[in-house]
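So the structure is just underneath, and the comments pick up after that.
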Amino acid sequence: MSSHQIFGAALDVTEVEPIAPDDPLLTLDNVIITPHIASASVVTRTKMAVMAAKNLIAGLAGKMPPKLCQP
Numbered sequence: 033m034s035s036h037q038i039f040g041a042a043l044d045v046t047e048v049e050p051i052a053p054d055d056p057l058l059t060l061d062n063v064i065i066t067p068h069i070a071s072a073s074v075v076t077r078t079k080m081a082v083m084a085a086k087n088l089i090a091g092l093a094g095k096m097p098p099k100l101c102q103p
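In terms of our numbering, the sequence shown opens at residue 33 and continues consecutively.
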């Protein structure tokens with residue numbers, strides 16, 4: 033894991049969540065791991081809900097959803 037090919041990494045998602053306390057990633061000094069809660073604010077969650085609702089309404093109307101990831 034420590035081949036020094038990557039200068040550093042900031043991760044907010046790990047393969048297993050929560051990350052195990054003995055995971056080798058936690059021992060690396062060039063890695064920052066944060067909880068997967070970047071979207072946990074009222075403003076962001078509201079925007080996500082509005083986006084999902086607009087996509088749903090468009091889809092039900094037979095239109096292309098405005099925030100379609102893969103058309």
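Where a beta carbon is used, it is the ideal one built from N, C-alpha and C, also for glycine.
Bridge partners - residue i, DSSP secondary structure assignment
i	result
Ile-64	Ala-42
Pairwise C-alpha distance: residue j and residue i
i	j	result
His-68	Lys-99	22 Å
Met-96	Ile-51	38 Å
Leu-124	Ser-71	Missing from the structure shown is residue 124; the chain here goes from 33 to 103 and no further.
Asn-87	Pro-56	40 Å
Gln-112	Pro-53	What is shown of the chain runs 33 to 103, which leaves residue 112 out entirely.
Ser-73	Leu-58	26 Å
Helix, strand or coil at residue i according to DSSP, with G and I counted as helix
i	result
Gly-91	helix
Ala-85	helix
Val-48	coil
Leu-58	helix
Met-96	coil
Sub-9 Å separation of residue i and residue j beta-carbons
i	j	result
Ile-64	Gly-91	no
Thr-76	Leu-43	no
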